[in-house]
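Some notes on the structure that comes next.
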Amino acid sequence: MKLILIAFLICLAGVFSHPLNSDEPRWTITRDGDGKMHLVDLNPVDAEVEPAFDAWTDTFFMLFTRSNPTEGQRITWTRESIEQSNFRRGGQVRFLIHGWVASWESEENPRTTREFLTLGDFNVIVVDWSVGAGAANYITSRNRVGITGQVIAHFIDFLDENNYASHRNTNVIGLSLGAHVAGHTGKNVQRGRINAIFGNDPAGPLFNINNPSDRLDIGDAEYTEVIHTNAGVLGFDEPITHSSFYPNFGRNQPGCGVDIGGGCAHERSTHLHSESINSNRFVARQCASYAEIVAENCPGTGVTGIMGGDSAKSIRGVFFLTTNAQSPFAQG
């Protein structure tokens, strides 16, 4: 019976799935932050009533430093809160933003936090917008992306205004819907430009290439980068940042097996990014165009670039590389 149900869901997703930028109704199968599968109607006739979300009160921030690497301190945009915490004034700041039906405790956050604190004495701030991202209806969570980005932008401006941290020392990393929250964060800061935004397989459903003001875009920081691992399914397909990396051509990932709904490939982006923070071995070759990614034929232009890491880069374009099926993923 279970096999019959799985087969039915696969068929249903295939019948009602269309290219990401299509205006036609579409169903998709996706996996939440706890690994549970959901059949999602991306164009429902009747949307269920969801709990209210006030981004200004329901979004909160957990600080991790080398003084408290595993036990977060909840901080707010008040001087008292920052000064009573382990926040290192003038230090580098890294914001981590989770995706749909997830929270600050989702497994990618402690893993990525650990890598940053190994690299340096960072202020790692894990954003929790789980009240907004936890809507059972994907559309509701998707529509809360913009206002959540505004809240994070306000916090970054507060840190800059009070000389706790500058925009040039601030990077933002987001997964799936969180990548688009990162984009809105960059659009809404008022006191400067964020140094870098790293998007881990930005969500594809209900985001459009022709509407850059509503998604992560190239102009949202001094440097923007995306790791595409489930392009055209759960992840956004086309390049939208300064550098766009397509491991294994960006749609399916080795080691994921029969990846129903693309959840394994989608989440792989966070594993690749966290490993890259302390590794320069993700060597990729530049492709002549995105069309070579689609055709899965990238001979290379002779230019190479390192995927991920922590720094803004001068490289531009679309890049391809192969990775291993399990950690360590880098082959370079």
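Numbered by mature numbering (1 follows the signal peptide of the UniProt record, and there is no 0), the letters in the sequence shown go through residues -17 to -1, 1 to 315 in order. Think of the CB as a built atom: it goes at the ideal place given N, C-alpha and C, for glycine as much as any other residue. It should be emphasised that the depicted structure is a prediction, and the values quoted were computed from it without experimental measurement.
Taking Cβ positions, are residue i and residue j nearer each other than 9 Å?
{"i": "Ala136", "j": "His163", "result": "no"}
{"i": "Leu79", "j": "Val107", "result": "yes"}
{"i": "Ala186", "j": "Gly291", "result": "no"}
{"i": "Glu98", "j": "Glu258", "result": "yes"}
{"i": "Ala148", "j": "Asp203", "result": "no"}
{"i": "Thr306", "j": "Leu255", "result": "yes"}
{"i": "Leu217", "j": "Gly175", "result": "no"}
{"i": "Asp41", "j": "Trp112", "result": "yes"}
{"i": "Gly315", "j": "Asn263", "result": "yes"}
{"i": "Ala248", "j": "Leu158", "result": "no"}
{"i": "Ile210", "j": "Asn183", "result": "yes"}
{"i": "Thr212", "j": "Ser252", "result": "yes"}
{"i": "Ile177", "j": "Ile139", "result": "yes"}
{"i": "Glu250", "j": "Glu91", "result": "yes"}
{"i": "Ile243", "j": "Gln269", "result": "no"}
{"i": "Phe141", "j": "Trp39", "result": "no"}
{"i": "Phe47", "j": "Thr96", "result": "yes"}
{"i": "Asn69", "j": "Ser50", "result": "yes"}
Quick one: what does DSSP say residue i is sitting in, helix, strand or coil?
{"i": "Ala179", "result": "strand"}
{"i": "Ile289", "result": "strand"}
{"i": "Cys270", "result": "strand"}
{"i": "Gly300", "result": "strand"}
{"i": "Pro8", "result": "At Pro8 the pLDDT is 45, less than 50, meaning the model places this residue with poor confidence; the figure from the coordinates comes in the next sentence. In this structure, Pro8 counts as coil in the three-state DSSP scheme."}
{"i": "Gln133", "result": "helix"}
{"i": "Pro230", "result": "strand"}
{"i": "Ala295", "result": "coil"}
{"i": "Ala248", "result": "helix"}
{"i": "Tyr147", "result": "coil"}
{"i": "Val172", "result": "coil"}
{"i": "Leu(-15)", "result": "Legend: pLDDT at Leu(-15) = 37, less than 50; position of this residue unreliable, value from coordinates given subsequently. Helix, per DSSP."}
{"i": "Phe99", "result": "helix"}
{"i": "Leu158", "result": "strand"}
{"i": "Ala186", "result": "strand"}
{"i": "Ala85", "result": "coil"}
{"i": "Arg127", "result": "coil"}
{"i": "Thr253", "result": "helix"}
So, is residue i buried or exposed, given that buried needs 16 or more other C-beta atoms within 10 angstroms?
{"i": "Ile58", "result": "buried"}
{"i": "Gly285", "result": "exposed"}
{"i": "Thr101", "result": "exposed"}
{"i": "Ser294", "result": "exposed"}
{"i": "Glu144", "result": "exposed"}
{"i": "Arg125", "result": "buried"}
{"i": "Pro230", "result": "buried"}
{"i": "Asn127", "result": "Before going on, a small fix: residue 127 reads as Arg here, not Asn. The residue in question, Arg127, is buried, as its Cβ has 16 or more Cβ neighbours within 10 Å."}
{"i": "Phe303", "result": "buried"}
{"i": "Pro2", "result": "Caution applies to Pro2, whose pLDDT of 36 falls short of 50 and renders its modelled position unreliable; the model cannot decide the point."}
{"i": "Arg62", "result": "exposed"}
{"i": "Ala214", "result": "buried"}
{"i": "Gly169", "result": "buried"}
{"i": "Ile192", "result": "exposed"}
{"i": "Val110", "result": "buried"}
{"i": "Gly161", "result": "buried"}
{"i": "Ser310", "result": "exposed"}
{"i": "Val241", "result": "exposed"}
{"i": "Pro282", "result": "exposed"}
{"i": "Ala35", "result": "exposed"}
{"i": "Ala179", "result": "buried"}
{"i": "Gly103", "result": "exposed"}
With hydrogens ignored, establish whether the beta-carbon of residue i is closer than 8 Å to any heavy atom of the ligand MN.
{"i": "Asn171", "result": "This structure simply doesn't include the ligand MN, nor any ligand for that matter."}
Taking residue i and residue j to be in contact with their CB atoms under 8 Å, please state how far apart those CB atoms are, rounded to whole angstroms.
{"i": "residue 335", "j": "Phe181", "result": "The requested residue 335 does not occur in the structure, where the chain is confined to residues -17 to 315."}
{"i": "Phe265", "j": "Ile289", "result": "6 Å"}
{"i": "Asn171", "j": "Gly132", "result": "6 Å"}
{"i": "Phe228", "j": "Ala267", "result": "6 Å"}
**OP:** Give a yes or no on contact between the region 185 to 204 and the region 232 to 244, applying the rule of three or more CB pairs nearer than 8 Å.
**Re:** no
Original post:
Between the region 45 to 61 and the region 119 to 128, do at least 3 Cβ pairs fall closer than 8 Å?
Top reply: no
Original post:
Is there contact between the region 66 to 78 and the region 145 to 159, where contact requires at least three CB pairs shorter than 8 Å?
Top reply: yes
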